[in-house]
Amino acid sequence: MGHTELTPSAPTSSAKYELDAPHLPPPHLRIFVNRNLRMDTVAAIGFDMDYTLARYKREQLERLAHRLTVEKLVKRGYPEEILKLGYDPSFVIRGLMVDKQLGNILKIDRHSHVGRVFHGRRPLNKDERRQVYRRERIAFVPPRFALVDTLFSLPEMCLYADLVDFFATRGDAGQVDTWKIFDDVRESIDEAHRDDTLKSVVKQDLAKYVERDPLMARTLHKLRSSGKKLFLLTNSAFDYTDHLMRYLLDGELPEYAHWSSYFEWVVVTAKKPAFFKDQEPFALLDPKGVPTGKAVTALERGKVYEGGNLKDFERMTGMIGEQVLYVGDHIFGDILRSKKASLWRTALVVEELEDEIRYSIEHAEDLQRLADLEVERRNLDELTSLQRQHLATIEKRLGAEEARGSAEFEALRLRRDQAKRQLKSVIAAIEALETKVDASFNSTWGFVFKESGENSRFAEQVKDHACIYTSRVSNFLGYSTHQYFRAPRDLLPHERDIMSTEDL
Ligand SMILES: [Mg+2]
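Just so you know, we're using this note's numbering here: the sequence shown kicks off at 2 and counts up by one.
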């Protein structure tokens, strides 16, 4: 994958991806809009920390999480040989689904159509996929199916596939409990995050695991300077939060002596999504992070609180409903829950966007060709069905025998055969190009946002639940603090058709 910096003046190879306004940031650093959002009506902006304010060096962290999870599994009684299992970052992307019952990993599109399936590391072919997932209607929901939608849990995909293979090659095939393996993997990885095993290693060497965004401090400063109140609402505990935030922000701008001065309110161990629906009280922490035991009646600047809940937060800060924009990276914990329980507006950070957009621009020609081929396929589909219908009409009029001898019928049949051959070759070209495009992005799973020309299930969730989405928090720096983030017109297929038909 290339990493050419794109500037607004950079030439692109296709009109489709041309930058349309000179003042906009380059595409991979833009903020995209699902629901209109006027920044001047936002009075407070809240931030999640992990993978939102703090961007991790993903491969490093994933390797670490993988190793620690394997070690935990061995402690649970898994054979020591699994310590040799390596980590393959190309086997994981966000938005995959695990079928615990069959031991498969799947990528599905927005219509719940199963596009790709792996059993262990072996891809299932079309027939096998159809056999397993197309014979009856399946609801892809827990407990049988598990969605992997946080960056923290990505390594579990690779580990799960390898364990399924590991037990199968040991001769346990048929009696491997793929359901239990997944539950064990997930519990172990969760435990590694929860019990400090992972965070204590990260804390020792922040430079190795955490990326510093040089524009983060300026971004927060710009938002604050426009009068917005910023707050931090993280599930991480005080000690870890303090280490990470110091690393990210301290010493960046002279106006801010300490990372916490960027924020009006700081809440750690927030237990999202429970924060949004439960009633846990806020606890005031002392400077060392120990609960003071004092009752909390107001949230004060410069103090750090633990736990808490949405209702008390709104009451004590006076920041209510749509005045609040919450920025997080987890569709379920940060975005969906807050939206269900409150009127908070939401911004989702999807760091994969950056690579996906860069890649799309670099391969604009292939993607444009793919779009053209799709149009060609649709036209040929229509043509061949029309021809089929005409042939049937002639047959009906003349009778099957006589129709076959008629020049009209034969000429039409030749043309139909030709169109059919053309259609076949267009379909083959689409498949080949799709494979090429996908493989050069992620050879195993393709794009995070797409599955065979459709939006992936993950993309659909982003579209449905996030008001705006972007690849990193500092992208706000490229926009005015009064920006009216306006959603593009929502077009239904018939409206799109009308707009693209010139000769109406
Ligand atoms: Mg997070």
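We put the CB at the ideal spot given by N, CA and C, even for glycine.
Between the stretch 460-480 and the stretch 410-426, the count of Cβ pairs shorter than 8 Å is below three; the stretches do not touch. Ala440 and Tyr360 have their C-alpha atoms roughly 12 Å apart.
With a cutoff of 7 Å, Tyr327 does not count as near ligand 1, since its C-beta is closer than that to no heavy atom of the ligand. Annotation: the continuous alpha helix (DSSP H) that includes Thr385 extends over 365-399. By the criterion of at least three beta-carbon pairs nearer than 8 Å, the stretch 274-281 is not in contact with the stretch 244-251. Relative to the non-hydrogen atoms of ligand 1, the Cβ of Tyr210 never comes closer than 7 Å to any of them.
In the structure shown, Leu326 adopts extended strand secondary structure according to DSSP, grouped into three states. Boundaries of the beta strand (DSSP E) harbouring Lys108: 105-109, taken from the DSSP string. Taking Arg64 as the centre and dropping the five residues before and after it, the same chain places the C-beta of Tyr88 closer than 6 Å to its C-beta, in chain order.
A direct Cα-to-Cα measurement between Pro292 and Arg316 gives close to 22 Å.
If you ignore the 5 residues before and after Glu265, its C-beta comes within less than 7 Å of the C-beta of Lys230, Leu231, Phe232, Arg302, all in its own chain and listed in chain order. Excluding residues up to 5 positions away in sequence, Arg39 lie with their Cβ nearer than 6 Å to the Cβ of Tyr485 in the same chain. Under a 10 Å Cβ-count criterion, Glu352 is classified as buried, with 16 or more other Cβ atoms of the shown protein chains found around its own Cβ. Excluding five sequence positions before and after Pro26, the CB atoms of its chain that fall closer than 8 Å to its own CB belong to Pro9, Asn476, Gly479, Tyr480, given in chain order. The beta-carbon distance between Leu337 and Glu323, rounded to whole angstroms, is 17 Å. This is too long to meet the 8 Å contact definition. Looking at the DSSP output, Gly47 shares a beta bridge with Phe232, Tyr327. With distances taken between CA atoms, Asp382 lies nearest to Val427 out of Arg195, Leu434, Val427. Boundaries cannot be given for Ile321, as no alpha helix (DSSP H) includes it and DSSP labels it neither H nor E. With a cutoff of 7 Å, Tyr52 counts as near ligand 1, since its C-beta is closer than that to a heavy atom of the ligand.
The three-state secondary structure of Lys451, taken from DSSP, is strand. Under the three-state reduction of DSSP, Leu337 is assigned to helix. The beta-carbon distance between Phe33 and Thr347, rounded to whole angstroms, is 13 Å. This is too long to meet the 8 Å contact definition. Annotated three-state conformation of Tyr263 is helix, per DSSP. DSSP places Asn456 in the strand class (E or B) of the three-state scheme.
By the C-beta criterion, the stretch 89-97 is judged not to be in contact with the stretch 218-225, since fewer than 3 inter-stretch pairs fall below 8 Å. Between Ser226 and the set Met500, Lys421, Asp41, the nearest pair of CA atoms involves Asp41. Just so you know, the alpha carbons of Arg497 and Glu256 end up roughly 50 Å apart. With contact defined as three or more Cβ pairs closer than 8 Å, the stretch 126-143 and the stretch 170-190 are not in contact. Look at Thr293 here: in three-state DSSP terms it is coil, with no helix or strand label. Contact between the stretch 448-459 and the stretch 111-122 is present: three or more C-beta pairs spanning the two stretches fall below 8 Å. Nearest C-alpha to Lys200 among Ala45, Arg473, Arg422, Ala66: Ala66.
In this structure, ligand 1 has a non-hydrogen atom nearer than 7 Å to the beta-carbon of Asp330. Ligand 1 never approaches Asp191 closely enough for any of its heavy atoms to be under 7 Å from the residue's Cβ. For the pair Phe442 and Asp150, the CB atoms are not nearer than the 8 Å cut-off. With a cut-off of 7 Å, the C-beta of Asp251 is classified as distant from ligand 1, since no heavy atom of the ligand falls inside that distance. Two segments are said to touch when three or more pairs of C-beta atoms, one from each, lie closer than 8 Å; by this definition the stretch 153-160 touches the stretch 70-83.
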